[in-house]
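Okay, so here's the structure we're looking at.
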Amino acid sequence: MPARTVADWGGLHEWVVDAAADLIAAGNDVTIVGGPGLFEQRARAAGASFIAIDWDRWEAEVDRIADTGPYDIVFAHAPQARMLALSLPRWPGSRLHVMVHGAYHDYIYTWAQHVESIAAASPCLVDFLTRIGKVEPWKIDMVPNGVHDYVFDLPLRSLEERIEDGVGHIVMASRLARDKTMQIEAAKETLAACARLRPDVTWQLDILGDGPLRDRYEREFRRFAQHHPGVRTTFHGWVAPEEVPLRMNTAVIGLVSGMGGIRTLAAGALCIGVGARGSVGVQVGQNLRAGLWTNFGDHGTPQFTPTPITQDLERVLQPGHYEDAVAFARTAAQRTRSGSVVRDALLTALQCG
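Encoded structure:
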């Protein structure tokens, strides 16, 4: 499985490591091709072999990777990994699959005919691949982001339990980079609404993650806190992926996209979805439908306008209404995005194990 993204570690890497673990559990041997570091450590811990390469000179690595073959399946993730996969020899009986994790065209019309199938990380991307990429619909499988089944067993806490110590936590968990900057204004709106609705509570924004725009995030929220005395912000830096659901389980709100959205729903917190392509708002009603469809705003929401965050919080951030919202959202996520559901979709898409 060649996998490459601009970050040293991110949602794509988590997806690949979890997929490797599922494939290995089903009786397959898995070799991952990627950059060294945390990705390699976690891949090996999951039981996969690992070929560390320099993505800036991936063309020079093709022969070395080919010498470790043959492979029955080559399953590539993201454009540069797809380019490498197509450059590998076509071993007799081998099958090439590609997964699309984001709304990028990737010159798909030039290579779609050479692969057996294309997996898409959300229903939105299935639509994108057929409507924009012109890929034959029968060739596409939806294999979404998921969350380990045990997260759905974390206790469902009431709103009052979450703020009983006088602090309400709003958690952001994502890379602090350009494609996530729309979360800044959404977080300000959320904090302002929470402080107005529950002035008896101190509202803390917990930012999990790091990235090239951390200085901007710090400036923005420092300036915001100066005018909102009941608000404070803590930057926690990178945290282990398995810690994120635990943080969400005690938070009032998770303001997230992608994998963070599924983790928030599964852990039983109220989710606000804001991703690279826009906001899908507080995850209730039609917003929840749009959130699951678009990977919580990461993959685009054509012809959809979410209800305003402040308006929804006025209704949902009340005892009884809050509990109903998070309970249904958790059920929706469990039915469609639990780890076992994703595992079965993956094995079916690759026709293995």
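Quick note on our numbering: the sequence shown kicks off at 1 and runs consecutively. For each residue, glycine too, the CB sits at the ideal point set by N, CA and C. Note that the coordinates shown come from a computational prediction; the quantities given were computed from them, not determined experimentally.
The secondary-structure analysis by DSSP pairs W203 across a beta bridge with G168, V231. When secondary structure is reduced to three states using DSSP, D54 falls in the coil class, being assigned neither helix nor strand. Note on the stretch 85-139: whole beta strand (DSSP E) runs with a minimum of 3 residues are 95-100, 117-120, in chain order. Inclusion of L125 and V100 in the CB contact set at 9 angstroms is warranted, their separation being smaller than that value. Counted as a single uninterrupted DSSP element, the alpha helix (DSSP H) harbouring T264 occupies residues 259-267. The residue among A45, L313, A186 with its C-alpha nearest the C-alpha of C194 is L313.
With respect to the 9 angstroms criterion, A173 and V256 are classified as neighbours on the basis of their beta carbons.
Between the beta-carbon of A7 and that of R277 there is about 18 angstroms, and that puts the pair past the 8 angstroms contact cut. With at least 16 other beta carbons inside 10 angstroms of its own, G11 counts as buried. Within the DSSP secondary-structure output, D18 pairs in no beta bridge. If one requires a minimum length of 4 residues, the alpha helix (DSSP H) runs lying completely within the stretch 240-314 are 244-250, 259-267, 285-294, in chain order.
CA-CA distance, A78 to F224, rounds to 36 angstroms.
Remark: three or more beta-carbon pairs, one from each stretch, lie closer than 8 angstroms, so the stretch 250-268 and the stretch 323-333 are flagged as touching.
Of the residues R64, E14, G27, the one whose Cα lies closest to the Cα of Q41 is E14. Only residues of its own chain outside the window of five on either side were considered, and among them M142, W293 have a CB closer than 7 angstroms to the CB of P123, listed in chain order. Straight through space, the alpha carbons of A48 and D200 are spaced by roughly 50 angstroms. With 16 or more neighbouring CB atoms inside 10 Å of its own CB, V280 falls in the buried class. Assignment of A173 by DSSP, reduced to helix, strand and coil, places it in the strand class. A direct Cα-Cα distance of roughly 43 angstroms separates H228 from A43. Boundaries of the alpha helix (DSSP H) harbouring V341: 339-350, taken from the DSSP string. Ranked by Cα distance from G273, the first of Q318, I73, G230, P306 is P306. In this structure, Y71 and S94 form a Cβ contact; the two beta carbons are roughly 6 angstroms apart against a cut-off of 8 angstroms. With contacts defined by Cβ atoms closer than 9 angstroms, N145 and V16 do not form a contacting pair. In the three-state DSSP reduction, H13 falls in the helix class (H, G or I). The beta carbon of V30 sits closer than 6 angstroms to the beta carbons of A20, L23, I24, A48 from its chain, once the five residues preceding and following it are set aside; these are given in chain order. In the DSSP assignment, A43 falls outside any beta strand (DSSP E) and within the unbroken alpha helix (DSSP H) covering 38-45. The three-state reading of DSSP puts M182 in helix, counting H, G and I together. Distance from L96 to A66 at the Cβ level is roughly 13 angstroms; contact not present, criterion being Cβ atoms closer than 8 angstroms. Look at I32 here: in three-state DSSP terms it is strand.
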